[in-house]
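**Student:**
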Amino acid sequence: MGLAMAPAAVLALAVRVCAAAAALANPVFSQGIETRAELRSPGYYPAPYGGWADDWVESYAKARKLVDAMTLAEKTNITSGTGIFMGARCTGNTGSVPRLGFPQLCLNDGQNGVRQADHVTVFPDAITAGATFDKQLLRRRAEAIGDEARTKGVNVWLGPTVGPMGRKPKGGRNWEGFGADPVLQAVGARETIRGVQSRGVIATIKHFIGNEQEMYRMYNPIQRAYSSNIDDRVLHELYMWPFAEGIRAGVGSVMMAYNAVNGSASSQNALLINGLVKDELGLQGFVMTDWLGHMSGVASALAGLDMDMPGDTQVPLVGASYWMGELTRAVLNGSVPVDRLNDMATRIVAAWYRMGQDQPSRFPATNFDTNTRHREGLLYPGAWPDSPIGVVNHFVPAQADHDVVARNVARDAITLLKNEGGLLPLSPVAQALRVFGTGAQANPDGPNACADRNCNKGTLGQGWGSGTVDYMYLDDPISALRSRARNVVFHNSDLFPPVVDEPGKDDVAIVFVTSDAGENTYIVEGNHGDRDASGLYVWHGGDRLVQEAAKRYNNVVVVIHTVGPVLLERWVDLPSVKSVLIAHLPGQEAGRSLTDVLFGDVSPSGHLPYSITRREEDLPWSVTDLVGWAGLKQPQDPYSEGLYIDYRYLNKKGIKSRYAFGHGLSYTSFAYTNATIAIVTPLTPTPPPRAPKRGILDYSQSMPAPAEAVQPSGFHTHWRYLYSWLSNSAAESAVRDAATRKYPYPDGYSTEQRPGPRAGGGQGGNPALWDVAYKLSVRVTNIGTRRSGKASVQAYLQFPDKTGYEMPVIQLRDFEKTKQLAPGESTTDWVVPAVDGAYRVWLGAASDDLTTVCRVDGLVCNDGVKGPV
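Numbered according to mature numbering (1 follows the signal peptide of the UniProt record, and there is no 0), the sequence shown spans residues -25 to -1, 1 to 844.
The structure is reproduced here in structure tokens:
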């Protein structure tokens, strides 16, 4: 269901059941969890054409005209990267067509900004942004990232991340996503895509799909990547949901995952790419590989892949590619149809036009270099010593006032778990503060001392890996504390000092602890990306540090910088541990954002984007155990928990978490009253038929002449740089092969375009699945007497008992953050729920704090009731 329009002074909330409705209506969905033997990825051919969505029609017309003017080699050149460390200074670069004014596209990382660039902002990571439960802040963060990416000349920003979903608490890259729930991830993706692309930068939603742990994720010459074995219903209702929302928002690109799904590698999985991403979800942009995730030449092209990044085979820097010249050869010999190549190229160019990047006045050339901070450097570092030298860094400032946005996100994400006796907020004058833990101060070697932040030393502002950004500065907590409070003593160690001054009864110990994770590219303190060595405990003996502080001080505040859930049971119930805050991963504004909350300049308003359990075993083994080495066999990751991850599983089993998904305290209190419900759009039990695809362009073309594939005479090539040309003899040989050899096409292969599945019909799927059905309102009042604050209203859907399908007890369907409410002040939020029947929508402050319910049957709401869990 879509978002209802609301009066100007009213905040908006939307509650949908679109995935569940599809599951009930679509016969291809299966009830329950299939055994692994029944899970497979059948072929789906051919690759569907794009260009039928209204808001892409003009871009496609321009793109088709430009592509039609390209030679064969020029088309294959723009569908592939030019080689690792070989492009125009970015994480990856496509080939270009200078003759027609189409540039190398700069594709660049950074989930929280622009990676490996100068004069940029380190924004809070996505898990932090998710913890704000604030759509406006999510959008403002994305707009600022888009501004900086455009200023630095980044054509394609490689975010947002919604895969991993956060299914596995130890997963190494969960912090790159927004939380362990499909709706929280979907809203984060939608707002990020809209914000980034509003600035003319192509966003990339990733990694499709089932990339829930780092270890054994990649294929290599020795072993295949693990297979995520997911049944169709679970795939749609959980893991595809955020991608559907992102594609509906008009995302320009989708990146495939490294791993396999149901036994088939994602980058050449025709069901995933052709069937789900392009036909069912209606992607109009292009599909790319993850870096070095390309598995094959012809097979991946037929499966719908449009761009190979960074162009190399899985063993890079040998000058070999499955595409580039090999794709040119595959077209000439008839293995890859010409229309498939035209579709690939058109999708890429259409996204370029869609974002207005064809206008040089609006979109600058790339002006930074990911390989060096010097003004001059190698133009093709991977081709050393053959590479020429030139100016690669122009040091263009991009930050503007984005530090304010970053600080607001970091501050409003801080989640107060516990505050016994009202210890917080602190007084900067009356209380002596004793600060413990190396996490309070920036890395003494410098905030960028560890490449891609591949160490946990000092203030933990980011996870590690390709989703990081280099600091221009780091406002660390100890500096901010010293600037605000009169009496601060800092013990910069993770061991409690053998001697401390005798504490006064009102002295406060603030203990900083951390838990880190990242990409499997690095091993940090024995953790292979995932938290396989540390588990869910805080690092560096942090539990012991808290315990020792709690023995000596009556008032202990624990500040946790973490990538995800941590176990707190070793100390959280100690009498002197009065307050616990999760500050998540705050980026460059770690200090002032924290002191604003500690000293009561603002009330905390963050909420947990995941559950914190009392023990690891409270969750099923399929999510707590990491996939291990399988020898010569393919590692298997069974999704045997089905729909039941995080709070969904805990509710099903009646297990009480230590702190529930959505939990977050404030310095004030809120009441939820006067709820109402009204019908907006009557719905049928099943969605109507999809609209036909209209306006699709003609991609047919006769076989190009061999001369279109041949390298121009006199052109100087560089060692290891990937080119799309063939020699004259190779081109002519490929044409002869077309008459004598036949490629072994997969079962079910066809070149006839399909009308598309009923579940499709628009960007994001069948448009009816996004319709508004009902509208609810609830009044939120600050019933405190002393402090202002913001409330995050969360809406959870409870399905009827007898649907014929097993359902989670409750499922998040939307959320909205109020404005700052003074004591006694009220505001009204609107919610959009489901279809007719005995559905209930629960409203409140967390998944275990729901006190208002609205019933669809009868259109009645009740306040002050006992929640469902």
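Even glycine gets a Cβ: it sits at the ideal position worked out from N, Cα and C.
(1) Helix or strand or just coil, what does DSSP make of Val810?
(2) Is DSSP giving Asn529 helix, strand or coil here?
(3) The beta strand (DSSP E) with Leu82 in it runs from where to where?
(4) So what does DSSP say about His182, is it helix, strand or coil?
(5) Could you check what DSSP says for Thr537 in three-state terms: helix, strand or coil?
(6) Going by the CB atoms, is the gap between Leu82 and residue 847 shorter than 8 Å?
(7) Is residue 857 near Asn249, with beta carbons less than 8 Å apart?
(8) Looking at Ser551: is its Cβ nearer than 8 Å to the Cβ of Val534?
(9) Just to confirm before moving on: does the CB-CB distance between Asn237 and Leu14 stay below 8 Å?
(10) According to DSSP, simplified to helix, strand and coil, what is Phe218?
(11) Assuming Val840 contacts Asp823 (C-beta within less than 8 Å), just tell me the rounded distance between them.
(12) Cβ of Ser708 within 7 Å of any heavy atom in the ligand MG?
(13) Please state if the CB of Pro730 and the CB of Pro662 are separated by a distance shorter than 8 Å.
(14) Measuring only the C-alpha atoms, how far is Leu520 from Val513?
(15) Compare the C-beta of Asn418 with all C-beta atoms of chain B and state if any pair is closer than 8 Å.
(16) Mind checking which residues open and close the alpha helix (DSSP H) that includes Arg711?
(17) Alpha helix (DSSP H) containing Thr303: first to last residue?
(18) Comparing C-alpha positions only, which one of Ile168, Thr167, Arg125 and Pro584 sits nearest to Gln374?
(19) I'd like the span of the alpha helix (DSSP H) that includes residue 845, first residue to last.
(20) At which residues does the alpha helix (DSSP H) containing Arg116 begin and terminate?
(21) Would you tell me roughly how many angstroms separate the C-alpha atoms of Ala388 and Ala106, rounded to the nearest one?
(22) With DSSP run on the structure shown, which of helix, strand or coil describes Gly172?
(23) Check for me: the alpha helix (DSSP H) holding Val319 runs from which residue to which?
(24) In terms of alpha-carbon separation, which member of Tyr720, Val753 and Gln172 lies closest to residue 866?
(25) Rounded to the nearest angstrom, how far is the Cβ of Gly440 from that of Glu494, given a contact under 8 Å?
(26) Which whole-angstrom value is the C-beta distance of Asn423 and Tyr446, which I expect to be below 8 Å?
(27) DSSP three-state label for His211, please.
(28) For Asp518, does the three-state DSSP call read helix, strand or coil?
(29) With which residues is Pro613 paired in a DSSP beta bridge?
(30) Would DSSP call Gly839 helix, strand or coil?
(31) Which residues in the same chain have their Cβ closer than 6 Å to the Cβ of Arg223, if we skip the five residues on either side of it in sequence?
(32) Using beta-carbon positions only, say whether Ile205 and Tyr214 come within less than 8 Å of one another.
(33) Would you identify the three-state DSSP class for Gly18, choosing helix, strand or coil?
(34) Have a look at the DSSP bridge pairing and note the partners of His466.
(35) Roughly how many whole angstroms lie between the Cα atoms of residue 845 and Leu354?
(36) Just checking, does the region 455 to 469 make contact with the region 550 to 570 on the three C-beta pairs under 8 Å criterion?
**Tutor:** To lay it out plainly:
(1) Counting from 1 along the sequence shown, the entry for residue 810 is found at position 835. Unreliable positioning characterises Val810 in this predicted model, as indicated by a pLDDT of 44, which lies under 50. A coordinate reading is not provided.
(2) Numbered from 1 along the sequence shown, position 554 holds the residue referred to as residue 529. Asn529 falls in the coil class under three-state DSSP.
(3) Against the sequence shown, residue 82 aligns to sequence position 107. Under the DSSP assignment, Leu82 falls in the beta strand (DSSP E) whose first and last residues are Cys81 to Asn83.
(4) Indexing the sequence shown from 1 puts residue 182 at position 207. Residue state, collapsed to three classes: strand.
(5) Counted from its first residue, the sequence shown places residue 537 at position 562. Reduced to three states, the DSSP call for Thr537 is strand.
(6) With the chain covering -25 to 844 only, the question about residue 847 has no answer from this structure.
(7) Residue numbering for the chain in the displayed model covers -25 to 844; residue 857 lies beyond these limits and cannot be assessed.
(8) Walking along the sequence shown from the start, residue 551 turns up at place 576. Walking along the sequence shown from the start, residue 534 turns up at place 559. In this structure, Val534 does not lie closer than 8 Å to Ser551 by Cβ.
(9) Indexing the sequence shown from 1 puts residue 237 at position 262. Indexing the sequence shown from 1 puts residue 14 at position 39. The answer is yes: Cβ separation under 8 Å.
(10) Here residue 218 refers to the residue found at position 243 of the sequence shown. Residue state, collapsed to three classes: helix.
(11) Translated into the one-based positions of the sequence shown, residue 840 becomes position 865. Translated into the one-based positions of the sequence shown, residue 823 becomes position 848. Incorrect: roughly 14 Å between the Cβ atoms, too far for contact.
(12) With respect to small molecules bound, the structure shown includes none, and the ligand MG cannot be examined in it.
(13) Translated into the one-based positions of the sequence shown, residue 662 becomes position 687. Translated into the one-based positions of the sequence shown, residue 730 becomes position 755. No. Outside cutoff.
(14) The sequence position of residue 520 within the sequence shown is 545, counting from 1. The sequence position of residue 513 within the sequence shown is 538, counting from 1. So the two alpha carbons sit approximately 10 Å from each other.
(15) Considering every chain present, this structure includes no chain B. It has just one protein chain.
(16) Numbered from 1 along the sequence shown, position 736 holds the residue referred to as residue 711. Asn703 to Thr715 is the extent of the alpha helix (DSSP H) around Arg711.
(17) Within the sequence shown, the letter at position 328 stands for residue 303. That run of the alpha helix (DSSP H) goes Gly300 to Leu307.
(18) In the sequence shown, the residue the question calls residue 374 occupies position 399. Of the candidates Ile168, Thr167, Arg125 and Pro584, the one whose C-alpha sits nearest the C-alpha of Gln374 is Arg125.
(19) Since the first residue of the chain shown is -25 and the last is 844, residue 845 is not available in this structure.
(20) Position 141 of the sequence shown holds residue 116. Counting along the chain, the alpha helix (DSSP H) containing Arg116 begins and ends at Lys110 to Thr126.
(21) Start at 1 with the first residue of the sequence shown, and residue 388 comes out as number 413. Start at 1 with the first residue of the sequence shown, and residue 106 comes out as number 131. Those two C-alpha atoms are separated by around 5 Å.
(22) The count along the sequence shown starts at 1 and reaches residue 172 at position 197. Looking at the sequence itself, residue 172 is Gln, so the reference to Gly does not match. Of the three classes helix, strand and coil, the one that applies to Gln172 here is helix, per DSSP.
(23) Working through the sequence shown from its first residue, we reach residue 319 at position 344. For the record, residue 319 in the displayed sequence is Met; it is not Val. Val313 to Arg329 is the span of the alpha helix (DSSP H), which, as asked, contains Met319.
(24) For the chain, the structure presents residues -25 to 844; residue 866 sits outside this window and is missing.
(25) Position 465 of the sequence shown, counting from 1, holds the residue named residue 440. Position 519 of the sequence shown, counting from 1, holds the residue named residue 494. Contact holds; Cβ gap of about 3 Å.
(26) Your numbering for residue 423 matches position 448 in the sequence shown. Your numbering for residue 446 matches position 471 in the sequence shown. Confirmed, about 6 Å.
(27) As a working mapping, residue 211 is identified with position 236 in the sequence shown. Assignment of His211 by DSSP, reduced to helix, strand and coil, places it in the helix class.
(28) Along the sequence shown, one-based indexing puts residue 518 at 543. It is helical.
(29) For the purposes of this step, residue 613 is taken as the residue at position 638 of the sequence shown. Partner(s): Asn204.
(30) Here residue 839 refers to the residue found at position 864 of the sequence shown. Correct three-state label for Gly839: coil.
(31) The residue given as residue 223 occupies position 248 in the sequence shown. Gln738 and Gly739.
(32) As a working mapping, residue 205 is identified with position 230 in the sequence shown. As a working mapping, residue 214 is identified with position 239 in the sequence shown. Yes, the pair counts as a contact, with Cβ atoms nearer than the cut-off.
(33) Along the sequence shown, one-based indexing puts residue 18 at 43. Reduced to three states, the DSSP call for Gly18 is coil.
(34) The sequence position of residue 466 within the sequence shown is 491, counting from 1. DSSP, once it has assigned bridges, lists Phe411 as partnering His466.
(35) Given that the chain is displayed from residue -25 to residue 844, the structure contains no residue 845 and the question cannot be resolved.
(36) yes
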